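**Student:** Using our numbering, read the sequence shown as starting at 271 and increasing by one per residue. Glycine included, C-beta positions come from ideal geometry on N, C-alpha and C. Please read these numbers as outputs of a predicted model, since none were measured by experiment. Have a look at this one before I ask anything.
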Amino acid sequence: MTHVIRSIWPDEWRQVKELRLDALRDPVAHLAFLETYEDASAKADGFWKERAAGAAVGVEQRQQLVAVGEDGAWGGSVTVLVEEAGSIDPFGQVTEQSQGHLVGVFVRPEHRGSAAGVTGALFDAALVWSWGIGLERVRLFVHEKNSRAEAFYRKAGFRPTGNTVPMPGDAGELELEFVITRSE
Numbered sequence: 271m272t273h274v275i276r277s278i279w280p281d282e283w284r285q286v287k288e289l290r291l292d293a294l295r296d297p298v299a300h301l302a303f304l305e306t307y308e309d310a311s312a313k314a315d316g317f318w319k320e321r322a323a324g325a326a327v328g329v330e331q332r333q334q335l336v337a338v339g340e341d342g343a344w345g346g347s348v349t350v351l352v353e354e355a356g357s358i359d360p361f362g363q364v365t366e367q368s369q370g371h372l373v374g375v376f377v378r379p380e381h382r383g384s385a386a387g388v389t390g391a392l393f394d395a396a397l398v399w400s401w402g403i404g405l406e407r408v409r410l411f412v413h414e415k416n417s418r419a420e421a422f423y424r425k426a427g428f429r430p431t432g433n434t435v436p437m438p439g440d441a442g443e444l445e446l447e448f449v450i451t452r453s454e
């Protein structure tokens, strides 16, 4: 099945919610996401409406990209957060330079793998969007035990920086920072 990669529309909050809840039920969700299914499923519709509107077409500080199949079903998603130089990042650290931060990476199991190409297409679109708004650097964090995701990020051109942060909620585990720059 082929997919169209595009930004979400504000009125697609139901699909945003459905995909996120499916992501949080994934067997590796505890390594990949900082939120639980129980917490997310308890959120009111207003939360999901705001989430979609805040990452939709035309929003400059955040963009959620989705892979839409021929049947209209969403096969996966990635969100780019814009972190301005001097701002405090989600881990409480000062951002040294303006950059993109990829979060919420999820592809449904039936669309995973290099043959499907969905994850790669989502990442390509996220980078095109980031470069298009003038960012020179994009980063992401991956749990130290999420080797499958780490392997994909390396294949996509991201490189480890050596920076680590404690996993929120479990300071005994680490998140590893990976980056890609526009010149790569």
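Can you tell me which of Gly370, Val398 and Asp296 puts its alpha carbon nearest to the alpha carbon of phenylalanine 448?
**Tutor:** Working through the sequence shown from its first residue, we reach residue 448 at position 178. It is Gly370 whose Cα lies nearest to the Cα of phenylalanine 448.
**Student:** If you run the structure through DSSP and keep just helix, strand and coil, what is serine 400?
**Tutor:** Residue mapping note: residue 400 aligns to position 130 of the sequence shown, counting from 1. Correct three-state label for serine 400: helix.
**Student:** Taking C-beta to C-beta, are valine 352 and glutamate 330 nearer than 8 Å?
**Tutor:** Counted from its first residue, the sequence shown places residue 352 at position 82. Counted from its first residue, the sequence shown places residue 330 at position 60. Yes; because the gap between Cβ atoms is below 8 Å, this pair is in contact.
**Student:** Assuming isoleucine 278 contacts valine 286 (C-beta within less than 8 Å), just tell me the rounded distance between them.
**Tutor:** Against the sequence shown, residue 278 aligns to sequence position 8. Against the sequence shown, residue 286 aligns to sequence position 16. Their Cβ separation, rounded to whole angstroms, is 6 Å, which keeps isoleucine 278 and valine 286 in contact under 8 Å.
**Student:** Would you mind stating whether glutamate 443 and glutamate 414 have Cβ atoms separated by less than 8 Å?
**Tutor:** For the purposes of this step, residue 443 is taken as the residue at position 173 of the sequence shown. For the purposes of this step, residue 414 is taken as the residue at position 144 of the sequence shown. Against a cut-off of 8 Å, the Cβ pair of glutamate 414 and glutamate 443 comes out as a contact.
**Student:** I need the DSSP call for glycine 390, collapsed to helix, strand or coil.
**Tutor:** By one-based count along the sequence shown, residue 390 stands at place 120. Glycine 390: helix per DSSP, three-state reduction.
**Student:** Roughly how many whole angstroms lie between the Cα atoms of alanine 322 and alanine 441?
**Tutor:** Numbered from its first residue, the sequence shown carries residue 322 at position 52. Numbered from its first residue, the sequence shown carries residue 441 at position 171. C-alpha separation (whole angstroms): 31 Å.
**Student:** Beta-carbon separation of glycine 345 and alanine 337 under 8 Å?
**Tutor:** Walking along the sequence shown from the start, residue 345 turns up at place 75. Walking along the sequence shown from the start, residue 337 turns up at place 67. Cβ atoms of glycine 345 and alanine 337: closer than 8 Å.
**Student:** Using a Cβ-Cβ cutoff of less than 7 Å, which residues in the same chain neighbour valine 364 once the five nearest sequence positions on both sides are dropped?
**Tutor:** Working through the sequence shown from its first residue, we reach residue 364 at position 94. So the list reads Gly356 and Ile358, once near-sequence residues are dropped.
**Student:** Under the assumption that valine 290 contacts alanine 312 (Cβ atoms under 8 Å), give the Cβ distance between them as a whole number of angstroms.
**Tutor:** For the purposes of this step, residue 290 is taken as the residue at position 20 of the sequence shown. For the purposes of this step, residue 312 is taken as the residue at position 42 of the sequence shown. One point to set straight first is that residue 290 is arginine, not valine, in the sequence displayed. At roughly 13 Å, the Cβ-Cβ gap does not stay under 8 Å, so arginine 290 and alanine 312 are not in contact.
**Student:** Thinking C-beta only, is leucine 372 closer than 8 Å to leucine 405?
**Tutor:** Position 135 of the sequence shown, counted from the start, is the residue given in the question as residue 405. Position 102 of the sequence shown, counted from the start, is the residue given in the question as residue 372. Cβ atoms of leucine 405 and leucine 372: not closer than 8 Å.
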